[in-house]
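Numbering-wise (my numbering), the sequence shown opens with residue 863 and increments by one.
Beta carbons: idealized from backbone N, C-alpha and C, even for Gly.
Owing to the predicted nature of the structure, the values given are computational and were not obtained by experimental measurement.
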Amino acid sequence: MNYSVSFPSGTVQYYTAGSFATLHEIVDTDDCIVLTDNHIATIYHSLLAPYRTIVIPAGEDHKTAETISYITDELLKYEAHRHTTLIALGGGMITDIGGYVASIYMRGLHYGFIPTTILGMVDAAIGGKNGINHKLQKNLLGTINQPQFVLYDAGFLQSLPLEEWSNGFAEVIKYACLFDKPLFKELEQHDIDYYRGNQTALNKIIETCADWKNKIVLADERETGARKLLNFGHTTGHAFETLYQLPHGYAVALGMMVACQASIEHCMLDASVPQRLQHLLQAYKLPVQQAIDIPKVMDVLRMDKKRNKSSIDFILLTEIGNAVIKPLSTEEIQSALVSFSHASHS
Ligand SMILES: NC(=O)c1ccc[n+]([C@@H]2O[C@H](COP(=O)([O-])OP(=O)(O)OC[C@H]3O[C@@H](n4cnc5c(N)ncnc54)[C@H](O)[C@@H]3O)[C@@H](O)[C@H]2O)c1
């Protein structure tokens, strides 16, 4: 099904059951440039052969100002102009950096996303946030600017490594915890292998999650309220990601476990939920335990850009499918980390 969503910063056309082969029906392929990473460029070499392509090294370490400089050089070599369309083909790293460079090159190019990871499909390609990392802080530099289109081609997932499936399912589980008890129950009935082998069920899940993200961003594109809910598991998750070099989804999985501990304390979340979440994360091959250095985690949290003066906004669950935003003091966060740490050792 194709549909469009009009956000304050632009209208996005979604092609949900699309195919890369139909790109020419969406854009003038003579005037587009594909940005991708070296993994995807290698696997899909023949698919990309007809296109002008910019290839950057894969991985979060390359989501930097240096890579922006390289992409800009390449765009200039190709004589990209204001009516050129940049197509970001890849996971969240590529859509983030692609959206950012397209937003600033000549004050804005047309651009579209073709996400190739589950995380990209359910999260990074939706919502208009883009950006790059600074050596002191992830995603420090960026804009909110919507792509013209997002094209879903599930065929790309055939080559996605298992670890990246898990990474993406962390975000799927996040939506279930936040908004969707039936989705949580459905996920409990299956596991990652089921969705890897069942395209129809997978597409349904991806569409459900993309809908949730669109709904939330539509209500609050600039993250002044409801969009903050999407940070469930991300506050401590980002700290774990930085300190322990974990993949994003793995860190978010652990962050959700911490948030559940805090939710029992501050939102009267039923004490059985952390265990249900733990089983669910394990079924999707995500970690549930991590040895952590609490003072170091607190140091990273203090750097968090979402920090108010004496507290940090935490996303907590009142029940599965319902979340609230609560400012937690340093002591309260520390206490949740201690509970998580004890659970990790028991
Ligand atoms: N803008 C947002 O709203 C938003 C939301 C969530 C995450 N993000 C960002 O997304 C990034 C993480 O995205 P990600 O998890 O997709 O990681 P990624 O883009 O780094 O991709 C992970 C790995 O999978 C490979 N890969 C991608 N698609 C493949 C395919 N189809 N076949 C084989 N290999 C493939 C990549 O080359 C890479 O090695 C982070 O930078 C994060 O900050 C942004």
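Taken from the Cβ of Ile956, at least one heavy atom of ligand 1 lies inside 7 Å. Going by beta carbons, Thr946 and Ile895 fall inside the 8 Å limit. Cβ-Cβ separation between Ala1032 and Leu1148: approximately 6 Å, consistent with a contact (criterion under 8 Å). Taken through DSSP and simplified to helix, strand or coil, Arg1164 comes out as helix. The continuous beta strand (DSSP E) containing His972 extends over residues 972 to 977. Spanning the alpha carbons of Lys1047 and Ser931 requires a straight line of approximately 46 Å. When the beta-carbon positions are compared, Ile933 and Val963 come within less than 8 Å of each other. With respect to the 8 Å criterion, Tyr973 and Leu948 are classified as neighbours on the basis of their beta carbons.
In terms of Cβ geometry, Gly1183 and Phe1041 form a close pair [threshold 8 Å].
Here DSSP, grouped into helix, strand and coil, assigns Asn1060 to coil. The beta carbons of Ile959 and Lys925 sit closer together than 8 Å.
At least one heavy atom of ligand 1 falls within 7 Å of the beta-carbon of Leu1019. In this structure Ile988 is in contact with Val1012, their Cβ atoms being roughly 7 Å apart against a cut-off of 8 Å. Within a 10 Å sphere around the beta-carbon of Lys939 sit fewer than 16 other beta-carbons, which makes this residue exposed. Taking non-hydrogen atoms of ligand 1 into account, the C-beta of His901 is found less than 7 Å away from one of them. Tyr1106 has its alpha-carbon roughly 14 Å from the corresponding atom of Glu922. Shown here, Lys1000 sits in a strand according to DSSP, grouped into three states. Here DSSP, grouped into helix, strand and coil, assigns Lys991 to strand.
Where Ile916 is concerned, there is no enclosing alpha helix (DSSP H), although the beta strand (DSSP E) around it starts and stops at 914 to 918. Within 10 angstroms of the beta-carbon of Tyr877 lie 16 or more other beta-carbons, which makes it buried. The nearest non-hydrogen atom of ligand 1 is 7 Å or more from the C-beta of Thr915. The three-state reading of DSSP puts Asn864 in strand, counting E and B together.
As computed with DSSP, Lys1188 is found in a beta bridge with Phe1176. Each of Glu941, Phe1102, Ile1068, Glu1181 was checked against the Cα of Ser1203, and the nearest Cα belongs to Phe1102. By a beta-carbon distance limit of 8 Å, Gly1117 contacts Thr1097. Their separation comes to about 7 Å. Relative to ligand 1, the beta carbon of Pro919 is positioned no closer than 7 Å to any heavy atom. Contact annotation: Asp1073 and Ala1145 have beta-carbon atoms that are not nearer than 8 Å. When rounded, the separation of the alpha-carbon atoms in Leu897 and Arg969 is 18 Å. For Leu948, the enclosing beta strand (DSSP E) starts and ends at 947 to 952. Beyond the five residues adjoining it in sequence on each side, Leu1091 comes within less than 6 Å, by CB distance, of Leu1040, Ile1177, Ala1185 in the same chain, given in chain order. Using a 10 angstroms sphere on the CB of Tyr1037, the tally of other CB atoms reaches 16 or more, which defines it as buried. Ser881 and Val867 have their C-alpha atoms roughly 20 Å apart. 8 Å or more divides the Cβ of Val1135 from the Cβ of Leu1190.
In the DSSP annotation of this structure, the continuous segment of the alpha helix (DSSP H) that includes Thr1104 starts and ends at 1096 to 1106. Contact between Leu1022 and Ile1035 does not hold, since the beta-carbon distance rounds to 17 Å and is not under 8 Å. Using a Cβ distance threshold of 8 Å, Asp899 and Gly952 count as a contacting pair.
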